[in-house]
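Residue numbers (the working numbering): 192 to 566.
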């Protein structure tokens, strides 16, 4: 019997992505998988059902997953859909268990093997499965465009018959995947760019993109490629240096987010109050509360003459390419454990072991286990 994969239609607010695109469906079929999709799953990404070949469609999600070996989605499934999954099957999606306590308990109790895409380890071998990075790259690109369309001026230098217009100054705070892509995009659009991060090893990366690096002298490298919490003294030292750059910028893009934790505050109300008239902040960390003290997640607000844009689920705004990248991330993960039409989980494989959230009635990720048990 082939491995049956069920692809769910996304139902959460502001979610336009789909977990499977036609090109990836063909590759899964060659792996020995039988693909079943919920009717209209790709519609929000402008992919009609007719674009998928050798795929069976069904309208009812509970019936779709009831005999599936693997269920894939972008956002975690609803409780009723998860409850309809057969015991011992596999789920692949973003989960964020600290936000989905009851769902995580249900997946544990039904002995579902859950691969949470946000848990893919940040190692070289797993780069092709790293959905956080693939989606963050798109977010960084789009942030520069959002900033440019909210500014009342242009980004590049322009020479006209009545004189020259100076280029805008763009400061990117947080130089992970999204931040570096934001720097590169703002630079391509003609802005003068600066990059800031509490991890000094990002200096070389920023400079390679033609940006100046804002060096505060504070090293806040943490585990897993993320920044650690700063001390009060370190925050004061950073503020003294960074404030000048914040208040000279026309556009600021903030990207500092830590999965499972509130976003660190990088820009204080006092710093915003001293910014240029007409300046714009694009806060990509709005999902975790935002990097700016004034941020209102999901809203665009005015604070004096400063505009603060705080979009949610930015990759979904680029649903076509976001879906394509995400589907390829999932394909590369599935290829690790589907061999010749059979599911074979190798728990000695670091990627499989660290991406697994639940398996065999246990919550395998320790941080998630603590979050669920203490809720």
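Glycine is no exception: its CB is placed at the ideal position from the N, C-alpha and C atoms.
None of the values given here were measured: they were computed from a predicted structure.
Using the Cα positions of residue i and residue j, report the straight-line distance between them to the nearest angstrom.
i: residue 452; j: residue 350; result: 46 Å
i: residue 469; j: residue 336; result: 16 Å
i: residue 306; j: residue 478; result: 21 Å
i: residue 334; j: residue 192; result: 46 Å
i: residue 387; j: residue 371; result: 10 Å
i: residue 577; j: residue 214; result: For the chain, the structure presents residues 192 to 566; residue 577 sits outside this window and is missing.
i: residue 303; j: residue 375; result: 41 Å
i: residue 536; j: residue 263; result: 17 Å
i: residue 382; j: residue 226; result: 46 Å
i: residue 341; j: residue 357; result: 18 Å
i: residue 461; j: residue 348; result: 30 Å
i: residue 369; j: residue 457; result: 16 Å
i: residue 315; j: residue 397; result: 21 Å
i: residue 326; j: residue 516; result: 8 Å
i: residue 490; j: residue 471; result: 13 Å
i: residue 200; j: residue 459; result: 40 Å
i: residue 367; j: residue 558; result: 22 Å
i: residue 504; j: residue 521; result: 19 Å
i: residue 502; j: residue 488; result: 7 Å
i: residue 538; j: residue 399; result: 39 Å
i: residue 248; j: residue 230; result: 5 Å
i: residue 272; j: residue 551; result: 19 Å
i: residue 238; j: residue 500; result: 29 Å
i: residue 268; j: residue 353; result: 58 Å
i: residue 365; j: residue 394; result: 11 Å
i: residue 494; j: residue 486; result: 10 Å
i: residue 283; j: residue 556; result: 15 Å
i: residue 218; j: residue 565; result: 41 Å
Give a yes or no on whether the minimum CB-CB distance between residue i and chain B is below 7 Å.
i: residue 566; result: In summary, chain B is missing from the structure at hand, where a single protein chain is found.
Tell me which same chain residues have a C-beta within less than 7 Å of the C-beta of residue i, skipping the five on either side of it?
i: residue 401; result: 378 and 384
i: residue 476; result: 445, 446, 447, 448, 454 and 482
i: residue 510; result: 207, 208, 235 and 236
i: residue 563; result: 288, 292, 295, 296 and 554
i: residue 527; result: 540, 542 and 543
i: residue 275; result: 253, 256 and 257
i: residue 496; result: 468 and 469
i: residue 512; result: 329
Apart from the five residues just before and just after residue i, which ones in its own chain have a Cβ nearer than 8 Å to its Cβ?
i: residue 258; result: 195 and 277
i: residue 523; result: 319 and 320
i: residue 392; result: 412
i: residue 403; result: 384, 385, 386 and 397
i: residue 355; result: 348 and 349
Should residue i and residue j be called a contact, given that it needs their Cβ atoms to be closer than 7 Å?
i: residue 338; j: residue 433; result: no
i: residue 506; j: residue 222; result: no
i: residue 508; j: residue 443; result: no
i: residue 266; j: residue 203; result: yes
i: residue 549; j: residue 323; result: no
i: residue 360; j: residue 438; result: no
i: residue 255; j: residue 210; result: no
i: residue 436; j: residue 389; result: no
i: residue 425; j: residue 409; result: yes
i: residue 380; j: residue 346; result: yes
i: residue 518; j: residue 212; result: yes
Among the options, which one has its Cα closest to the Cα of residue i?
i: residue 233; options: 531, 461 and 514; result: 514
i: residue 279; options: 268, 344, 271 and 261; result: 261
i: residue 220; options: 533, 560 and 565; result: 533
i: residue 498; options: 530, 210, 531 and 464; result: 464
i: residue 250; options: 228, 427, 364 and 551; result: 228
i: residue 525; options: 317, 272, 268 and 248; result: 317
i: residue 270; options: 300, 493 and 248; result: 300
i: residue 224; options: 488, 530, 519 and 394; result: 530
i: residue 344; options: 241, 512, 467 and 494; result: 467
i: residue 561; options: 283, 290, 512 and 496; result: 290
Looking only at its chain, what residues have a beta carbon closer than 6 Å to the beta carbon of residue i, apart from the 5 residues adjacent to it on each side?
i: residue 450; result: 309
i: residue 281; result: 261 and 304
i: residue 407; result: 429 and 432
i: residue 480; result: 453 and 454
i: residue 441; result: 359, 360 and 470
i: residue 216; result: 226, 243 and 246
i: residue 373; result: 331, 334, 335, 363 and 444
i: residue 492; result: 499
i: residue 240; result: 248
Does the distance between the C-beta of residue i and the nearest non-hydrogen atom of the ligand HEM fall short of 6 Å?
i: residue 408; result: Although the ligand HEM was asked about, the structure shown includes no ligands whatsoever.
Sufficient close CB pairs (3 or more, under 8 Å) joining the segment 543-553 to the segment 310-319
Counting Cβ pairs under 8 Å, three or more are found: they touch.
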